[in-house]
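Asker: My structure is below; once you've seen it, I'll send some questions.
In full-length UniProt numbering, the protein residues as written are 1 to 294.
The structure is reproduced here in structure tokens:
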């Protein structure tokens, strides 16, 4: 096949990836570096650099899972404008529902994260990942579709903890490029809204309740309503209302299971065997990363 044919074949795959991720994880200019690193990680390790297969077998089914989760979580806040338009899948550049694995060594007791996991023999599914009781491996708990309507609630995590013997899960891990951060679940499930130039912390909206009925506040006024999340010191119009703590480095001598891919400067290979390293026109959604290519 000619090089022109290869380009024509691979570009729709890239467009599909870009359009899907930008719709699910806005603003894409902020989330793209992290998401594309996760995309390349799964394309290379699971689908052997076959981006078309990745798109058809993983990304398209994952899109339906993520879209439903987002729709179910946001439906109770109809009419409100979110400070983080990608909630609950992301908080600006911080990814909440992952598309590839995070380093298991970053998990501490009480930590967990959500991931759409690819399976070669069956459709991808949403799982909760946490430390196994031995503390040296990962435990995966599938999240069934019937749990999606109340996934981002305190009741859902309480149901998970009810059946656990290894301690309660309390904090969700978020990814932002090479950083991994932890956030209390009780804060993550409470979105913040933009209201008349100020901020309003979200709570479930009973039918017929107006935004004014929930109460508004201005940044830094020091008044917190019931159930309100903490505001980050120096927070501004972006609505950074939670305190994110950066996780300490992994334990010494522990092998890292995850290496941030340096392939973000490459285009997606159309399928295995195609020349993925050819020079092509710049695509805005690819974010070059310092360092030599592998």
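C-beta atoms are modelled at their ideal positions from N, C-alpha and C, and glycine is treated no differently.
With DSSP run on the structure shown, which of helix, strand or coil describes residue 82?
Answerer: Numbered from 1 along the chain shown, position 82 holds the residue referred to as residue 82. In the structure shown, residue 82 sits in a strand (DSSP, three-state: E or B).
Asker: Which ranges would you report for the beta strand (DSSP E) in the region 75-163 if only whole runs of at least 3 residues count?
Answerer: Whole beta strand (DSSP E) segments, 3+ residues: 111-117, 125-131 and 138-142.
Asker: Have a look at 172, 89, 66 and 49 and flag the residue whose alpha-carbon is nearest the alpha-carbon of residue 128.
Answerer: Translated into positions along the chain shown, residue 128 becomes position 128. Among 172, 89, 66 and 49, the Cα nearest to that of residue 128 is on 172.
Asker: Within 10 angstroms of its Cβ, does residue 167 collect 16 or more other Cβ (buried), or is it exposed?
Answerer: Translated into the one-based positions of the chain shown, residue 167 becomes position 167. That one is exposed.
Asker: Can you check which of these residues, 60, 150, 156 and 195, is closest to residue 15 by C-alpha distance?
Answerer: Within the chain shown, the letter at position 15 stands for residue 15. The candidate whose alpha carbon is nearest that of residue 15 is 60.
Asker: Taking the beta carbon of residue 159 as the centre, do at least 16 other beta carbons fall within 10 Å, making it buried, or is it exposed?
Answerer: Here residue 159 corresponds to residue number 159 of the chain shown, with the count starting at 1. The residue in question, residue 159, is exposed, as its Cβ has fewer than 16 Cβ neighbours within 10 Å.
Asker: With a Cβ-Cβ cutoff of 9 Å, do residue 81 and residue 97 count as a contact?
Answerer: Mapped onto the chain shown, residue 81 falls at position 81. Mapped onto the chain shown, residue 97 falls at position 97. Against a cut-off of 9 Å, the Cβ pair of residue 97 and residue 81 comes out as no contact.
Asker: Kindly indicate the opening and closing residues of the beta strand (DSSP E) around residue 33.
Answerer: Walking along the chain shown from the start, residue 33 turns up at place 33. Note, residue 33: premise wrong, no beta strand (DSSP E); alpha helix (DSSP H) at 28-45.
Asker: Return the Cβ separation of residue 181 and residue 112 in integer angstroms, given the expectation that the two are a contact with Cβ distance under 8 Å.
Answerer: Residue mapping note: residue 181 aligns to position 181 of the chain shown, counting from 1. Residue mapping note: residue 112 aligns to position 112 of the chain shown, counting from 1. The Cβ separation is near 13 Å, so there is no contact.
Asker: Is it right to say residue 18 is buried, meaning 16 or more other beta carbons lie within 10 angstroms of its own, or is it exposed?
Answerer: In the chain shown, counting from the first residue as 1, residue 18 sits at position 18. So residue 18 counts as buried.
Asker: With distance defined between alpha-carbon atoms, name the residue in 141, 68 and 40 nearest to residue 55.
Answerer: Counted from its first residue, the chain shown places residue 55 at position 55. Ranking the options by Cα distance to residue 55, first place goes to 40.
Asker: Which class does residue 174 belong to by DSSP, given the choice of helix, strand or coil?
Answerer: Within the chain shown, the letter at position 174 stands for residue 174. The answer is strand: DSSP assigns residue 174 an E or B state.
Asker: With burial defined as no fewer than 16 other Cβ atoms inside 10 Å of the residue's Cβ, what is the status of residue 133: buried or exposed?
Answerer: In the chain shown, residue 133 corresponds to position 133, counting from 1. It counts as exposed.
Asker: According to DSSP, simplified to helix, strand and coil, what is residue 181?
Answerer: As a working note, residue 181 is residue 181 in the chain shown. Of the three classes helix, strand and coil, the one that applies to residue 181 here is strand, per DSSP.
Asker: Within 10 angstroms of the Cβ of residue 71, are there 16 or more other Cβ atoms? Answer buried if so, exposed if not.
Answerer: In the chain shown, the residue the question calls residue 71 occupies position 71. So residue 71 ends up on the exposed side.
Asker: Do residue 151 and residue 143 have their C-beta atoms closer together than 9 Å?
Answerer: Working through the chain shown from its first residue, we reach residue 151 at position 151. Working through the chain shown from its first residue, we reach residue 143 at position 143. The answer is yes: Cβ separation under 9 Å.
Asker: Please state if the CB of residue 104 and the CB of residue 138 are separated by a distance shorter than 9 Å.
Answerer: Locating residue 138 in the chain shown gives position 138, counting from the first residue. Locating residue 104 in the chain shown gives position 104, counting from the first residue. Yes, Cβ-Cβ distance for residue 138 and residue 104 is below 9 Å.
Asker: On a CA-only basis, which of 107, 183 and 100 is nearest residue 126? Give me that one, please.
Answerer: For the purposes of this step, residue 126 is taken as the residue at position 126 of the chain shown. The option with the nearest alpha carbon to residue 126 is 100.
Asker: List the DSSP bridge partners of residue 71.
Answerer: For the purposes of this step, residue 71 is taken as the residue at position 71 of the chain shown. The partner list for residue 71 (beta bridge, DSSP) is empty, contrary to what the question assumes.
Asker: How many angstroms separate the CA atom of residue 175 from the CA atom of residue 94?
Answerer: In the chain shown, the residue the question calls residue 175 occupies position 175. In the chain shown, the residue the question calls residue 94 occupies position 94. Each residue's alpha carbon lies about 5 Å from the other.
Asker: Count the other CB atoms within 10 Å of the CB of residue 123; is the residue buried (16 or more) or exposed (fewer)?
Answerer: For the purposes of this step, residue 123 is taken as the residue at position 123 of the chain shown. When all chains shown are included, residue 123 counts as exposed.
Asker: In angstroms, rounded to a whole number, what distance separates the CA positions of residue 154 and residue 31?
Answerer: Residue numbering aside, residue 154 sits at position 154 when the chain shown is read from its first letter. Residue numbering aside, residue 31 sits at position 31 when the chain shown is read from its first letter. Roughly 26 Å between the two C-alpha positions.
Asker: Between residue 43 and the rest of its own chain, which residues show a CB-CB distance below 7 Å, the 5 nearest in sequence each way excluded?
Answerer: On the chain shown, position 43 is the one that residue 43 refers to. Within the same chain, residue 43 has close Cβ partners 49, 51, 54 and 268.
Asker: Comparing alpha-carbon positions, which option in 33, 23, 84 and 26 lies nearest residue 178?
Answerer: Indexing the chain shown from 1 puts residue 178 at position 178. Nearest option by C-alpha distance: 33.
Asker: How many Å lie between residue 295 and residue 46 at the Cα?
Answerer: Shown here, the chain extends from 1 to 294; a query on residue 295 therefore has no answer.
Asker: Please classify residue 296 as buried or exposed, where buried requires at least 16 neighbouring CB atoms within 10 angstroms.
Answerer: Not covered by the structure: residue 296. The range shown for the chain is 1 to 294.
Asker: Determine the burial state of residue 92: buried for a count of at least 16 other Cβ atoms within 10 Å of its Cβ, exposed for fewer.
Answerer: Here residue 92 refers to the residue found at position 92 of the chain shown. Residue 92 is buried by the Cβ-count criterion.
Asker: Taking Cβ to Cβ, would you say residue 63 is nearer than 9 Å to residue 24?
Answerer: In the chain shown, residue 63 corresponds to position 63, counting from 1. In the chain shown, residue 24 corresponds to position 24, counting from 1. Against a cut-off of 9 Å, the Cβ pair of residue 24 and residue 63 comes out as a contact.
Asker: So residue 193 packs on residue 74, CB below 8 Å; how close in whole Å?
Answerer: Taking the first residue of the chain shown as position 1, residue 193 is located at position 193. Taking the first residue of the chain shown as position 1, residue 74 is located at position 74. Wrong, their Cβ atoms sit about 11 Å apart, outside the cutoff.
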